[in-house]
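Just below is one structure, and these are the notes that go with it.
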Amino acid sequence: MEITFKFQRGGTRANPEYVDYQIDVPPEMTVFDALIAVRETQDGTLAFRGNCSVGFCGDCTLSVNGAQKVTCLINVGKTQKEGVITVQPIRYAPVEKDVMHNMRKFLWDKVDTFARGVVPNGGHPVTDEELRPVRKAMRCTTCGLCDEGCTVIDVNLDFYGPAALTKLYRFAFDPRDGITAERLREGSEIHGIWDCVHCWEATEHCPFGLEPTHLIMDTRDRAIAHGIKSGYGNKMLERHYDAFEESISRKGWLDERSVALQTYGGLIKGGLHTLPLGIRALRKGKATLKPHYKRPGADRIRKIFDRYNRANAGLRKEKQR
Amino acid sequence: MSHRFAFYPGCVAKGFCPELYESFVRVAAEFDIEVEELRDVGCSGAGLIPTEIADPINARTLAKAEAMGLPLLTICSTCQGVIGGSALRLTDPAYRARINREHLAEEGLEYQGTTDVKHFMWALVEDVGLDVVRSRITRPLDGLGFSPFYGCYLRRPIDVIQRPERKLYLEQVTEALGGTNVDISGKGKCCGFPSLTANEENAFAMTAKHLGEAVDKGANAMVVPCPLCHLEMDGEQSAVEKATGRRFDLPILHLPQVVGLAIGLDPKELGLSRHMVSTKKFVAQLQPVGALAGTAS
Amino acid sequence: MHDVLVIGGGIAGLRAAVAARSTGAAVALLSQSHPTRSYSVTVQDGINAPDGTEGRDSHVSDTMAAGAGLNVPMVVNSICRDAPVLVEELDRMGVPFNRVGSVIDRVGAPGSSQPRSAYVNDITGLTVTQTLFEQAIGTGVQFFEEWIALSLIMDRDECVGAVALQLATGAVEAFEARAVVLATGGPRRAFEPSTASLHCNGGGLAMAYRAGAPLIDMEFVQYTPMVLSGSRLALSPLLLGAGAVLEDGNVRLNGALDDAQLESRFPDTLLRVEALSGVDIRKDPAPVHSGMARLLGGIDVTTQGETSVLGLYAAGECAGTGFHGAQALDGNFLLVSIASGKNAGLTAGAHTRRVDESKVGEQAAEAARTALDAALGRPGGAPVAALRSDLASLMHEKVGQSRDANGLKEAIQRIQAMREEHAQLGAGSNTRDFNFGLVQYLEVGSLLDVAETIAASALERTESRGVHRRTDHPDLDTSQGGRLQVTKGRDGPHVSTENA
């Protein structure tokens, strides 16, 4: 079928400059193969990446007709609209030339931060069950589509992003690794796991079903089990979690007033920070003065927390060492 | 026909957003949604408390609704998403059995895995039906632009929201009420609230993006089905304005408030005067009760 | 000056880099793409590594039986002996091998008398590549990504580095090194159909050959019957090991795996077969055809990875280790990449010679710059692509699974003509940054050289043995039990029997 590739060669995403390339290819051909055919036969200076052509190397990620895709896993026939396939860079990734992304900046520097190999802990024999999370995370082809869909990267490119944090998960859940707590602390630094807003976009965007948002949430749970609730530099976040936990485990319910106050650092400092909003809110009747009563089943909730804290006591001690 | 639910209001609707609770109760009654509020239940964990703790707490909630023979109704996207996620994991019989054994058995509870968890928005579209909603309009919202803002948990993950069509209910409701849909690109993204303590800069950047886009496209108000989004978009709006140097002045309405307005309820009764961002200008644009819909929509 | 320069970022190259680093050497790894984008990540075979002495004996005998008398026994014994340790090492490094309880599982593969393949679902290649990359990052290997090696730097008869082209800028630089390890993979792109990634152009083979290193066993080109139709994806032979059958050009599950097993053991197969051919293998058979999968020969190396050129080592598919002989067993490919990578890396790291500062590196780089400048000015693009595609069809038809003297002679003549044509062509554009036309021109040059050595070796072996099938010589000839070496002569490849 006759296809016109409208290929972005300059301009911006919003105001792209396109060059058109026509090619006759079978509809079953993958978009990536068709693009390679264009480059090989029509214009050797067309800049885009790709290697394996079977969906494993993750290198050929592009925006095609407005949708972000691993282009070797979609075919021309289903992708084209009225014979046209528009090719653009993916969102948020800086561009070196044409649709050649600066993957070092967008992805690799971040992934490499958490890629330092397993440091064997010389521990117990490992079961298949224990390795399943690792195997799942290692299905990742680093195609970058999770970062491309990320709500936080949308506003701050410095966020490590789901791809790099999937790498962190791969180690945090590897029972053979000896430096789990250290890795979790590194991942808790600014731009790390606590900056994720768990919007589930990454899970929706992963073309391989790895559910990266879930993996980040599991990594956070892992960090909490180790007694790590924030990065070194953000005491507020740690207090926020503690206040949250305290409120729920004491009353069974969340009391935003006490959480807000404790989060912002005890009564005096916290009172100051929340006061303007608080006073206005009270005046407008948005907030009520009535604190949440203790729920009848609060002691049941307390027990769930106690059980969890007992189970993870060993890990927390390890943190203090 | 009445629609009965076990009602899980969540913390914020009873704390920092009392107007959500009150407007919901008022509107629910108008549509024969009968709710029995659960009192002896715990906070869902809000995505912050580890799954290992949140799942047992939520299993307890689900078991109580199940014992009443009722589906669970939420009015908060976060509660909906987190409890829905727990409910999904608890469909695994082995996992459910462990949670029952370790946490619920002691007080004689057992969760069988049957409780359906529904957000008010879903109940409104699926149980009440948009035709019924339309039939009750006495103050059509014609001429007013509403930007839908779902927040994260009512659009994803797909296995928790279960039906893809639910991703479009919010604008379907506002359009049914006569309003104009002012779509924004971030309607299913994060409002910024979860990042307030971790990275305020990121949070404000997100909020500013959504508010700015809605204003630029001519929205008169934004509609949210989640009180946390409301805390961010309404409560923090002035702080975001200060940080970004841009004035938005965009009223943020809870979903029940918008429905309530269209069926003729008093704005004050719906708590519109209790917002941080003034709704006065918006209220003044409303038609008098009894006006006819401009065009059949 | 690097202690060790590894060229190629796939499994063999990464394993070599990690091994060389463990000797304390400063290691640089140069690769055409980011290492985790290498062809290696697509490999879904297991790794043959039986546990226990009895298992090793049968591994040796199965390997020798397949190799039809051309394996080097010492190499087979040595690698089969090391195999369990190599897998245990990978496991400690972080490869999440499937287990039964806490013992690494072993499954069967076609041609193996016993289950002996260690594996990670259908992503063994992906997880081994990632793990080795993680180890390389962790131990401080220095990476040069998106550089394309052009030639070896020779100081008289010794290799002292390589000249490479940076894709992003068009810069040509000398990478001087006390030892160079080639791990650039095989020349899959010289055949169609094949399982080729774009970067499988045999660049290392061509560089070594041009520098005077002999190639060996080049006539043995192995096809797989399991290439998914309309794609270049080789389905995992472990599917067959798990009970699927290959019949009438289809892979059928025949109820051997239920949906849950399939989803947990072969999730990536399921996903890719659906994406690439529209078939849901839970319900329907997957249509497959045969395609070139692997070159069994390569740069002639010792067990320790040394080539005939001082300072030059080779590992992985570009190395002719003598392990496979005339035909390879499924599950032995990854094993040899890992074993030869480790051996070459250790040797290169331990034997870094004193190399004096000299001008040869800069001279070589300057020569390469001049050559590339000339190529930038010549026409290219479509005619170069046509050469590649003609070559790939020619090789498949005349030098593929069935060969005869006439066809091979014709192939050699046509390759020579193509090379003359190639010499008149170039990049098709004088752009320096990201000039893929230039890259294509260089790659086709490599493929032509390597293809010619394959055809010449195949012509020389007047018998049928292993995967080398001659219709004009259908039987095995016991007098031809020697391995064929190819060196670059004045007028083309010179083929001779090793140790003759």
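Here the protein sequences line up with chains Z, G and A, keeping their order.
Counting from 1 along the first sequence, just add 27 to a position and that's the residue number in my numbering.
Counting from 1 along the second sequence, just add 5 to a position and that's the residue number in my numbering.
Counting from 1 along the third sequence, just add 1 to a position and that's the residue number in my numbering.
In this text, a Cβ means the ideal position worked out from N, Cα and C, and glycines have one as well.
Source: prediction; values computed, not measured.
Within 7 Å, strictly: CB atoms of residue i and residue j
i	j	result
I62 of chain G	G47 of chain G	yes
G350 of chain A	A66 of chain A	no
A365 of chain A	I217 of chain A	no
Q136 of chain A	W148 of chain A	no
L448 of chain A	I48 of chain A	no
R144 of chain G	A248 of chain G	no
F154 of chain G	C81 of chain G	no
L485 of chain A	A456 of chain A	no
T353 of chain A	A26 of chain A	yes
G312 of chain A	V73 of chain A	no
A184 of chain A	A17 of chain A	yes
R16 of chain Z	V146 of chain Z	There is no way to answer for residue 16 of chain Z, as the model of chain Z reaches only from 28 to 348.
V58 of chain Z	G82 of chain Z	no
G176 of chain Z	E228 of chain Z	yes
Y196 of chain Z	L242 of chain Z	yes
T230 of chain Z	M263 of chain Z	no
E44 of chain Z	G37 of chain Z	yes
E146 of chain A	G162 of chain A	no
Through-space distance from residue j to residue i, alpha-carbon basis
i	j	result
P494 of chain A	D249 of chain A	39 Å
H325 of chain A	S394 of chain A	26 Å
C22 of chain G	Y119 of chain Z	35 Å
A51 of chain G	C16 of chain G	10 Å
M208 of chain A	K489 of chain A	11 Å
A7 of chain Z	Q223 of chain A	Since the displayed chain Z opens at 28 and closes at 348, residue 7 of chain Z lies outside it and no answer follows.
D47 of chain Z	K108 of chain Z	15 Å
G126 of chain A	S341 of chain A	16 Å
L299 of chain Z	V179 of chain Z	In this predicted model, L299 of chain Z has a pLDDT of only 43, less than 50, meaning its place in the structure is not dependable; the value taken from the coordinates is given anyway. Between L299 of chain Z and V179 of chain Z, the C-alpha separation is close to 29 Å.
H218 of chain Z	G139 of chain A	22 Å
G256 of chain A	D106 of chain A	22 Å
L302 of chain Z	A287 of chain Z	For L302 of chain Z, the predicted model reports a pLDDT of 46, less than 50, meaning its position is unreliable; a value from the coordinates is still stated below. Going by the C-alpha atoms only, they are around 10 Å apart.
K296 of chain Z	E218 of chain G	In this prediction, K296 of chain Z scores a pLDDT of 42, lower than 50, which makes its location untrustworthy; the coordinate-derived value is nonetheless stated afterwards. One C-alpha to the other measures close to 35 Å.
L87 of chain A	V153 of chain Z	18 Å
E41 of chain G	M126 of chain G	18 Å
T168 of chain Z	D333 of chain Z	40 Å
A208 of chain G	V126 of chain Z	30 Å
Q290 of chain G	A276 of chain A	52 Å
E44 of chain G	K19 of chain G	Reading off the sequence, residue 44 of chain G comes out as Arg, not Glu. Distance between the alpha carbons of R44 of chain G and K19 of chain G is about 12 Å.
Closest by C-alpha distance to residue i, when choosing among the options
i	options	result
L296 of chain A	A:R379, A:A257, A:A178, A:A191	A:A191
L206 of chain A	A:H200, A:A214, A:I138	A:A214
A13 of chain A	A:V182, A:P238, A:H35	A:V182
T454 of chain A	A:F221, A:A372, A:I339, A:D331	A:F221
R252 of chain G	G:I163, G:L260, G:E241, G:R65	G:E241
I117 of chain Z	Z:F59, Z:D245, Z:L172, Z:W227	Z:L172
R212 of chain Z	Z:P234, Z:K124, Z:T230, Z:T246	Z:T246
R158 of chain Z	Z:K137, Z:H151, Z:D201, Z:F186	As written in the sequence, residue 158 of chain Z is Leu, which differs from the Arg given in the question. Per the Cα distances, Z:D201.
F29 of chain G	G:G90, G:H124, G:M6	G:H124
Y335 of chain Z	Z:R284, Z:E272, Z:P53	Z:E272
V178 of chain G	G:I166, G:A33, G:T119, G:P261	G:P261
Chain-ordered chain C contacts of residue i [CB-CB under 9 Å]
i	result
I124 of chain A	Chain labels in this structure do not include chain C; the protein chains are Z, G and A.
Contact test: residue i Cβ vs the ligand ADP heavy atom, cutoff 6 Å
i	result
I217 of chain Z	No copy of the ligand ADP occurs in the structure displayed, which carries no ligand at all.
Inter-stretch contact at 8 Å, needing at least 3 Cβ pairs: the segment 172–180 of chain A / the segment 259–268 of chain A:
Segments in contact, no.
Is it true that the segment 89–108 of chain G meets the segment 125–141 of chain G, where meeting means three or more beta-carbon pairs spaced less than 8 Å apart?
They do not touch, by the three-pair rule.
Those runs of the beta strand (DSSP E) which lie wholly inside the segment 132–173 of chain G and span at least 3 residues:
The beta strand (DSSP E) runs of length 3 or more contained entirely in the segment 132–173 of chain G are, from start to end of the chain, 150–153.
The segment 392–407 of chain A touching the segment 123–136 of chain A, judged by at least three CB pairs closer than 8 Å:
As far as the Cβ criterion goes, the segment 392–407 of chain A does not touch the segment 123–136 of chain A, which means the pair count is below three.
If contact is defined by three or more beta carbon pairs under 8 Å, each pair taking one atom from either stretch, is the segment 91–107 of chain A in contact with the segment 154–164 of chain Z?
Touching, yes.
What ranges does the alpha helix (DSSP H) occupy inside the segment 208–247 of chain G, keeping only unbroken runs of at least 4 residues that lie completely in it?
Runs found: 232–235.
Flag this pair as touching only if the segment 52–68 of chain A and the segment 23–42 of chain A have three or more C-beta atom pairs under 8 Å; answer yes or no.
With fewer than three CB-CB distances shorter than 8 Å, the segment 52–68 of chain A does not count as touching the segment 23–42 of chain A.
Taking 8 Å as the cut-off, does the segment 424–442 of chain A touch the segment 362–382 of chain A (at least 3 CB pairs, one atom from each stretch)?
A contact exists between the segment 362–382 of chain A and the segment 424–442 of chain A.
Would you mind listing the alpha helix (DSSP H) stretches within the segment 10–38 of chain G that are 4+ residues and don't spill past its ends, in chain order?
For the segment 10–38 of chain G, whole alpha helix (DSSP H) runs of length 4 or above, ordered along the chain, are 23–35.
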